[in-house]
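**Q** There's a structure below that I have some questions on.
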Amino acid sequence: MATLPSNQTDLELPVTHHPVDVARALSPRRPATWVLSIITVVVAAQLVHLLLTNPNFEWDVVAQYLNSETVLQGVVMTLFLTVTAMTIGLVLGGILAVCRLSDNTLLRALASSYIWFFRGTPQLVQLIFWFNIGLLVPVLSIGIPFGPTFASIESNTLVTPLLAAIVGLGLHDAAYQAEIYRAGLISVDEGQLEAAKALGMKPMRVFFRIQLPQAMRFIVPPTFNSIIALVKGTSLVSVIGGAELLFSVKEIYSQTYQTVPLLIVASIWYLFITTVLNGVQFFIERHYGRGSSRNGSSSPVARFLDRRAAERNLNRGMES
Numbered sequence: 001m002a003t004l005p006s007n008q009t010d011l012e013l014p015v016t017h018h019p020v021d022v023a024r025a026l027s028p029r030r031p032a033t034w035v036l037s038i039i040t041v042v043v044a045a046q047l048v049h050l051l052l053t054n055p056n057f058e059w060d061v062v063a064q065y066l067n068s069e070t071v072l073q074g075v076v077m078t079l080f081l082t083v084t085a086m087t088i089g090l091v092l093g094g095i096l097a098v099c100r101l102s103d104n105t106l107l108r109a110l111a112s113s114y115i116w117f118f119r120g121t122p123q124l125v126q127l128i129f130w131f132n133i134g135l136l137v138p139v140l141s142i143g144i145p146f147g148p149t150f151a152s153i154e155s156n157t158l159v160t161p162l163l164a165a166i167v168g169l170g171l172h173d174a175a176y177q178a179e180i181y182r183a184g185l186i187s188v189d190e191g192q193l194e195a196a197k198a199l200g201m202k203p204m205r206v207f208f209r210i211q212l213p214q215a216m217r218f219i220v221p222p223t224f225n226s227i228i229a230l231v232k233g234t235s236l237v238s239v240i241g242g243a244e245l246l247f248s249v250k251e252i253y254s255q256t257y258q259t260v261p262l263l264i265v266a267s268i269w270y271l272f273i274t275t276v277l278n279g280v281q282f283f284i285e286r287h288y289g290r291g292s293s294r295n296g297s298s299s300p301v302a303r304f305l306d307r308r309a310a311e312r313n314l315n316r317g318m319e320s
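This is the structure:
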C-alpha cells in the first residue's frame with residue numbers, strides 16, 4: 001500500500017497539470033448581453049423607421065430652413081454669445097480661483113460668496129434679473145463715491161437684451177469655471193511644487209512649467225463640458241428677446257406654424273456646434289495626455305488616429 005509523504009495530509013492529493021490551449025479558449029457565455037443587444041437593435045430600428053416614415057417631421061421643410069438667412073443669423077448670434085460669455089467666464093473664473101486659493105481670508109470669503117451665489121441661483125433667473133436691472137437701479141452713473149457724478153445713463157437704455165445676455169451668461173459661467181480651475185490646480189502633487197521651489201525656481205515658473213501643464217489634464221474635460229452647456233444655455237436668452245438661434249426659429253414657426261421641423265433645424269445646428277467642440281476637446285486632451293496611459297482615447301476614431309500617429313513616428317525613426 002502506497003504511503004503519502006510526511007508533508008502531505010490525507011485530504012491533499014497530488015495535482016496533475018494539463019497544458020491549456022489559450023488560443024482555443026472560449027469566452028464565457030453572456031445571454032443577458034445578447035438579449036440587451038437584440039432589444040437595442042429593435043428599438044433603434046423602430047426609431048429609424050419612425051424618422052423616415054412619419055410625415056409630421058416634414059424633412060423637406062427642415063431642408064428648406066436649415067440654411068435660411070434668419071436661422072444663420074441666429075447661429076452667428078449664438079456663437080457670438082458663446083465666445084463672449086466663455087471669455088468672461090475663463091478670465092473671471094481664473095481670478096476667482098486664485099482668490100479661493102489665496103492665503104488672504106477676505107479674498108477667499110469674497111470669492112466663495114460669489115461662487116455660492118451664482119452657482120446657487122438658476123441661470124434663467126439671473127438673465128431676467130439683469131434684463132430688469134433698471135427696476136432696481138433706474139440710472140447708472142460714473143463719478144466719485146458719495147461725491148460728484150461725471151456721467152450717467154438710464155439703465156433701460158444701456159442694458160439691452162444682448163448686454164443682459166452677455167453679463168448673465170458670463171458671470172454664471174465664471175462661478176463654475178472657478179471651481180474647475182481650483183480642482184485642477186489642487187490635483188497636482190504638492191511634493192513636485194516643493195521640489196521645484198527647492199531647486200530655486202520662481203513661483204511663476206513653477207506655475208507655468210510644472211503645475212499648470214499637469215492641471216490641464218483635469219481642467220480641459222470639465223471646461224469643455226461647461227462650454228457645451230453654455231452653447232445650449234444661450235437658448236435661454238430667447239426669453240428676454242435675444243435674437244439667438246432658438247429665438248430666430250421661434251420667429252419663423254410663429255408665422256408658419258411648422259413647429260416640429262423648425263425645432264429640428266435648431267437641434268441640428270446645436271448638435272453641429274457641440275460636435276465641433278467635442279473634436280477640439282479630443283485633440284486638446286490628446287495633447288495634454290501625452291505620456292499618460294489613460295488619455296481618454298477609447299473611441300474607434302481615437303484609436304485610429306493614435307495608430308496612424310504611431311505608424312508615422314515609426315516610419316520617421318526608420319528613415320532617420
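Using full-length UniProt numbering, the first residue of the sequence shown is number 1, and each one after it goes up by one. Using N, Cα and C, we set each Cβ at its ideal position, and we do this for glycine too.
#1: Rounded to a whole number of angstroms, what is the C-alpha to C-alpha distance between ALA175 and ASP103?
#2: Please report the residue range of the alpha helix (DSSP H) in which ALA215 lies.
#3: For VAL188, which of helix, strand or coil comes out of DSSP?
#4: Where does ALA164 sit, in a helix, a strand or coil, going by DSSP?
#5: Along the chain, where does the alpha helix (DSSP H) containing LEU262 start, and where does it finish?
#6: My output table needs one value for VAL61: the three-state DSSP class, helix, strand or coil.
#7: Can you tell me the Cα-Cα spacing of LEU163 and SER141, whole angstroms?
#8: Relative to the C-alpha of GLY168, which residue among VAL249, VAL239, PRO55, ALA63 is closest?
#9: Please report the distance separating the alpha-carbon of VAL137 from that of THR149.
#10: Around the C-beta of ILE268, are 16 or more other C-beta atoms found within 10 angstroms, so that it is buried, or is it exposed?
#11: Between the C-alpha atoms of ILE227 and GLN192, what's the straight-line distance to the nearest angstrom?
#12: In or out: VAL231 buried (at least 16 other Cβ within 10 Å) or exposed?
#13: Run the CB neighbour count on ILE144, radius 10 Å, all protein chains shown included, and call it buried at 16 or more, exposed below.
#14: Determine whether the beta carbon atoms of VAL249 and LEU127 lie at a separation below 8 angstroms.
#15: Going straight from the alpha carbon of LEU72 to that of THR275, what length do you get?
#16: Return helix, strand or coil for GLY143, following the three-state DSSP convention.
#17: Would you give the residue range spanned by the beta strand (DSSP E) that THR149 belongs to?
#18: Taking only the alpha-carbon atoms, compute the straight-line gap between LEU79 and ILE166 and give it to the nearest angstrom.
#19: Below 8 angstroms, how does it come out for the region 247-265 and the region 172-186: are there three or more Cβ pairs, yes or no?
#20: Tell me which residue opens and which closes the alpha helix (DSSP H) that VAL98 is part of.
#21: Hey, residue 358 and GLY74: beta-carbon distance below 8 angstroms or not?
#22: Kindly indicate which three-state DSSP category ASP103 falls into: helix, strand or coil?
#23: If I follow the unbroken alpha helix (DSSP H) through PRO31, where does it start and stop?
#24: So, with DSSP's three-state summary, where would you put LEU199?
#25: Is there contact between the region 98-115 and the region 196-212, where contact requires at least three CB pairs shorter than 8 angstroms?
#26: Between which two residues does the alpha helix (DSSP H) carrying GLU251 extend?
#27: Using the three-state DSSP reduction, which class does LEU66 fall into: helix, strand or coil?
#28: Suppose you measure from the CA of ILE273 to the CA of TYR253; what does that come to, to the nearest Å?
#29: Do THR84 and GLY170 have their C-beta atoms closer together than 8 angstroms?
#30: I'd like to know whether the C-beta atoms of ALA178 and ALA97 end up nearer to each other than 8 angstroms.
**A** With the given structure in hand:
#1: 20 angstroms
#2: 212-233
#3: coil
#4: helix
#5: 259-288
#6: helix
#7: 17 angstroms
#8: VAL239
#9: 15 angstroms
#10: exposed
#11: 31 angstroms
#12: buried
#13: exposed
#14: no
#15: 18 angstroms
#16: strand
#17: 149-154
#18: 12 angstroms
#19: no
#20: 69-100
#21: Summary: the structure shown does not reach residue 358, with the chain confined to residues 1 through 320, and so no result is reported for it.
#22: coil
#23: 31-53
#24: coil
#25: no
#26: 245-256
#27: coil
#28: 22 angstroms
#29: yes
#30: yes
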